[in-house]
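*Asks:* There's a structure below that I have some questions on.
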RNA sequence: GGGCGCAUAGCUCAGCGGGAGAGCGCCCGCUUCACACGCGGGAGGUCCCUGGUUCGAUCCCAGGUGCGCCCACCA
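Numbering (my numbering), first residue to last: 7 to 814.
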């Protein structure tokens, strides 16, 4: 038999078996408690990355624990249609054929996307299986499937009727490449090296000028005012007068507004409401017009005929040249600032005024805030809970419309008179004037609008389904920090509004896995590590173990060492089980028949581990859980217990064999949530297995071996003493002697021997001295908590007693 | 500009009011019949700095320094 455990093959076999035997299935069952993790649906175009892998490792460990605890576990899988991302992928494919989406037209384009998805979409679910995620794959949902579309439209109509969805003409983020609006959350900001030019705007009466700094001369034609801070003495007497906008010669007022930062540039701001969010606000506050100079394609529009069709860079040059000729340029300096890009295509974002649909947050968010404040929903760690509340409190109205071709089309129809009718199904006539000439809005919804319904739309909502009754509200969410505002908070407010109850209780915000060198994992930097490669090399169990071990801090570097540790754990377990199965396998049925102290000890130790690991997992301390698992397996189970009983196993001692199998069984169970495959593989080789480990019961501590637990601490001390005193410990030969020597005092027989006693005496003397020092400190005795002082007294007494026994 | 987090052994990281830890790496010794991907032993630390709280601080508090991340409309 191969001494090396090879996960390849074994893992795939169990993954198939578990799924084929229906062990992941969740069906409504009123007799059982439920546990629901509506797992974040990955982009349908996506591939498994380290974040997904970590998320799955966390969620799956908890789902497996809960399943073993007897819960009816629903681990919900599915995909997100991922509006921009998917459209992007298909447009790229079209581009390679020399076509654009406009060439196809909307309907054909949509058909093309579906076709593309049939061919390339959904590979990620195969990858989810490969990591061993126990999702109920029968229940796979897609945010554009038939039932889901109904849920989305129902929600839109519901919120519209409540008056919370409205249309408004405001400045929004516009991606000139995708030709769509974007929410603030879909942007990335990068540093950009540009130029800041200070340009003179002449006063209309010819008495001088105001100098103004701008990074975007091309927007000058759309200037409608100059603004200064009301307390800025430099400009106080200019307020109310007029200046002439260079290049276009328009006279505009000088106004005062507190939003102007007097520290920046010259302290005077050109107000361009059509092309800047701050200017837009100022413009609205002062009732200024909102001309635009830039078209939706990012080029100059017809506002100034001689600039029409130019790029902004070309327009910058034309306008600067004009100013230069007239001596209007005061200075031009290098300027580094941060600019907004579309997170998908990295085009520079153009703030544009455009009619869009909005979701008002003021009332919608209140019940969600209450749920968070009352801690009916808890983010972990606590710092993220506060952040989630702050974010929701400050959430601005949500721009929910997009000018894409791939997504949920708005259930909005317009008649020739501009009346709007909103309905779940296509209306026959305008709700206002009865016109039957209705045109459906071409806009689609922000992808996150449909994502926000995930925990209940997947259960059949808005129908009153059995699934919905059984599995709503759920329990768990695992996600990354940046998703809190995009998704988690939105699921909470949608759940509270539409179903009257938050959709889950706990949200685990997990660490960000960085590349080993500390940089971000990214394809373009070449720093990405493909989890599938790691799985192929180390196995899914090892990868899961490694990821859980890495999950404790906010940002963590990917560590092959942690994965390697997991691989060693699986290998060690595999080998230990070979020992036990070879000597005891197939002959006895496992039962607790502990006879020796080492047997009582390992059972006690496992009792403790069962409670500890359950507690760690349920409190989301994954790194601590895997630490405990590693050490109980290596130090306690293998290095001490297995070595100690090896002689008896070789002697075919039936009681020893029975207890060994019982102990192994408990060890496998406690390891299963983290390393399910190897534990199931070994489990299946134990005698008389009636069910799979995955659906077996989480062990209950027997609670019978507390004395042995204490005894074994002494055994380990004793081993250390032997080592220190130069006695060579060959476990097979000497183990029982050690156990006997140390255990005897527990049983009241006195103990210790030569070299061991010498070292033990030294250690105890040190302990006694330390305790005496503390107790001699009057301030400690007076001020420390009584239980601490009492504890020290107890320790001192015990050490003295042991010291006496040894010195006798 | 706001928020969050991190700084502990050569590396990656646990621990977080009374003894400084793990894995990997390194050194020494072991082909002991489950495992040499192993076993046993060992070296290696101003627990970032300065103050404060405390009988006692790696741990709590304040400030500093250095990193990282998230958010933000500096024209």
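Note that beta-carbon positions come from the ideal geometry of N, C-alpha and C, so glycine has one too.
1. Which class does residue 216 belong to by DSSP, given the choice of helix, strand or coil?
2. For the beta strand (DSSP E) holding residue 361, just list the boundary residues, first then last.
3. Beta carbon of residue 509, beta carbon of residue 461: below 9 Å?
4. For residue 800, is the classification buried or exposed, using 16 other Cβ atoms within 10 angstroms of its Cβ as the cut-off for buried?
5. In its own chain, which residues sit with a C-beta less than 7 Å from the C-beta of residue 155, not counting the 5 before and 5 after it?
6. Taking the alpha-carbon positions, what's the residue 38 to residue 139 distance?
7. From the DSSP output, in three-state form, read off residue 162 for me.
8. What would DSSP say about residue 98, mapped onto helix, strand or coil?
9. Of all the beta strand (DSSP E) runs that stay within the bounds of the stretch 472-555, which reach a length of 3 or more residues?
10. I need the straight-line Cα distance from residue 388 to residue 219, nearest angstrom please.
11. Taking the alpha carbon of residue 270 as the point to measure from, which residue in 204, 391 and 687 has its own alpha carbon closest?
12. Could you tell me whether the Cβ atoms of residue 447 and residue 420 are closer together than 9 Å?
13. Please state the DSSP three-state secondary structure of residue 79.
14. Under three-state DSSP, which class holds residue 761?
15. Determine the contact status of residue 683 and residue 21, defining contact as a CB-CB distance below 9 Å.
16. Would you mind giving the Cβ-Cβ distance between residue 522 and residue 550, rounded to the nearest angstrom? I have them listed as a contact below 8 Å.
17. So what's residue 845 in DSSP terms, helix, strand or just coil?
18. Put residue 680 into one of helix, strand or coil per three-state DSSP.
19. Around the C-beta of residue 694, are 16 or more other C-beta atoms found within 10 angstroms, so that it is buried, or is it exposed?
20. Quick one, which of 513, 176 and 641 has its alpha-carbon nearest residue 284's?
21. Rounded to a whole number of angstroms, what is the C-alpha to C-alpha distance between residue 14 and residue 639?
22. Use the C-beta contact count for residue 88: other C-beta atoms within 10 angstroms, 16 or more gives buried, fewer gives exposed.
23. Quick check: the stretch 392-405 against the stretch 196-214, are there 3 or more CB pairs under 8 Å?
24. Given a cut-off of 9 Å, decide if residue 346 and residue 194 are closer than it, judged by their beta-carbon atoms.
25. Alpha carbons only, please: which of 306, 463, 274 and 320 is nearest the one belonging to residue 160?
26. Below 9 Å between beta carbons: does that hold for residue 136 and residue 143?
27. Please state whether DSSP places residue 404 in a helix, a strand or coil.
28. What is the C-beta distance between residue 491 and residue 397, in whole angstroms, given that I count them as a contact (C-beta under 8 Å)?
29. Is any heavy atom of the ligand MN found at a distance shorter than 8 Å from the C-beta of residue 80?
30. Would DSSP call residue 436 helix, strand or coil?
31. Quick check on residue 741: buried or exposed, where buried means 16 or more other Cβ atoms within 10 Å of its Cβ?
32. What are the boundary residues of the alpha helix (DSSP H) that residue 126 is part of?
33. Please state the DSSP three-state secondary structure of residue 626.
34. Which residues does DSSP pair with residue 348 in a beta bridge?
35. Could you tell me the alpha carbon to alpha carbon distance between residue 280 and residue 423, rounded to whole angstroms?
36. Quick test of your reading: residue 793 and residue 777, contact by CB under 8 Å. State the CB separation rounded to the nearest angstrom.
*Replies:* A quick look at the data gives this:
1. The residue given as residue 216 occupies position 210 in the first chain. It is a strand residue.
2. Along the first chain, one-based indexing puts residue 361 at 355. Residue 361: member of the beta strand (DSSP E) spanning 356-365, first to last residue.
3. As a position in the first chain, residue 509 is number 503, starting the count at 1. As a position in the first chain, residue 461 is number 455, starting the count at 1. Yes, the Cβ-Cβ distance between residue 509 and residue 461 is below 9 Å.
4. As a first step, residue 800 is located in the first chain; it is residue number 794 there, counting from the start. Under this definition residue 800 is an exposed residue.
5. Residue 155 sits at position 149 when you count from the first residue of the first chain. So the qualifying residues of the chain are 414.
6. Residue numbering aside, residue 38 sits at position 32 when the first chain is read from its first letter. Residue numbering aside, residue 139 sits at position 133 when the first chain is read from its first letter. Cα-Cα distance, rounded: 22 Å.
7. Taking the first residue of the first chain as position 1, residue 162 is located at position 156. For residue 162, the secondary structure class from DSSP, reduced to helix, strand or coil, is helix.
8. Counted from its first residue, the first chain places residue 98 at position 92. Collapsing the DSSP output to three states places residue 98 in a helix.
9. DSSP runs (the beta strand (DSSP E)) wholly in the stretch 472-555: 482-485, 512-515 and 518-520.
10. Position 382 of the first chain holds residue 388. Position 213 of the first chain holds residue 219. C-alpha separation (whole angstroms): 44 Å.
11. Locating residue 270 in the first chain gives position 264, where the first residue counts as 1. Selected option, being the one with the closest Cα: 204.
12. As a position in the first chain, residue 447 is number 441, starting the count at 1. As a position in the first chain, residue 420 is number 414, starting the count at 1. Their beta carbons are under 9 Å apart, which means residue 447 touches residue 420 by this criterion.
13. For the purposes of this step, residue 79 is identified with residue 73 of the first chain, where counting begins at 1. Here DSSP, grouped into helix, strand and coil, assigns residue 79 to strand.
14. Within the first chain, residue 761 is the residue found at index 755, counting from 1. Unreliable positioning characterises residue 761 in this predicted model, as indicated by a pLDDT of 42, which lies under 50. The coordinate reading is nonetheless provided below. Helix at residue 761.
15. Looking up residue 683 in the first chain gives position 677. Looking up residue 21 in the first chain gives position 15. Yes, they are a contact pair.
16. The count along the first chain starts at 1 and reaches residue 522 at position 516. The count along the first chain starts at 1 and reaches residue 550 at position 544. Going by Cβ atoms, the distance from residue 522 to residue 550 rounds to 19 Å, so no, they are not a contact pair.
17. With the chain represented from 7 up to 814, any question about residue 845 goes unanswered, as that position is not in the structure.
18. As a working note, residue 680 is residue 674 in the first chain. Secondary structure of residue 680 (DSSP, three-state): coil.
19. As a working mapping, residue 694 is identified with position 688 in the first chain. In the assembly as shown, residue 694 is an exposed residue. Its beta-carbon has fewer than 16 other beta-carbons within 10 Å.
20. If you number the first chain from 1, residue 284 lands on position 278. Selected option, being the one with the closest Cα: 176.
21. Walking along the first chain from the start, residue 14 turns up at place 8. Walking along the first chain from the start, residue 639 turns up at place 633. One C-alpha to the other measures close to 22 Å.
22. Here residue 88 refers to the residue found at position 82 when the first chain is read from its first residue. Buried, by the Cβ-count rule.
23. Taking 8 Å as the limit for Cβ pairs, the verdict is that the stretch 196-214 does not touch the stretch 392-405.
24. Position 188 of the first chain, counted from the first residue, corresponds to residue 194. Position 340 of the first chain, counted from the first residue, corresponds to residue 346. In contact: residue 194 and residue 346 (Cβ atoms closer than 9 Å).
25. Within the first chain, residue 160 is the residue found at index 154, counting from 1. Closest by alpha carbon: 463.
26. Taking the first chain and counting its residues from 1, one reaches residue 136 at position 130. Taking the first chain and counting its residues from 1, one reaches residue 143 at position 137. No. Outside cutoff.
27. Along the first chain, read from residue 1 onward, the residue named residue 404 stands at position 398. When secondary structure is reduced to three states using DSSP, residue 404 falls in the strand class.
28. Mapped onto the first chain, residue 491 falls at position 485. Mapped onto the first chain, residue 397 falls at position 391. About 5 Å; that satisfies the 8 Å criterion.
29. Absence of the ligand MN from the depicted structure is noted, as is the absence of any ligand whatsoever, leaving it without description.
30. Working through the first chain from its first residue, we reach residue 436 at position 430. Residue state, collapsed to three classes: coil.
31. Here residue 741 corresponds to residue number 735 of the first chain, with the count starting at 1. Reliability fails at residue 741, whose pLDDT of 48 lies under 50, so the model's placement of it is uncertain and the value that follows must be treated cautiously. That one is buried.
32. On the first chain, residue 126 is found 120 positions in, with the first residue counted as 1. For residue 126, the enclosing alpha helix (DSSP H) stretches over residues 112-126.
33. On the first chain, position 620 is the one that residue 626 refers to. Reduced to three states, the DSSP call for residue 626 is coil.
34. Counted from its first residue, the first chain places residue 348 at position 342. 193.
35. Taking the first chain and counting its residues from 1, one reaches residue 280 at position 274. Taking the first chain and counting its residues from 1, one reaches residue 423 at position 417. Rounded to the nearest whole angstrom, the C-alpha separation of residue 280 and residue 423 is 26 Å.
36. Taking the first chain and counting its residues from 1, the one referred to as residue 793 is at position 787. Taking the first chain and counting its residues from 1, the one referred to as residue 777 is at position 771. Their Cβ separation, rounded to whole angstroms, is 15 Å, which puts residue 793 and residue 777 out of contact at 8 Å.
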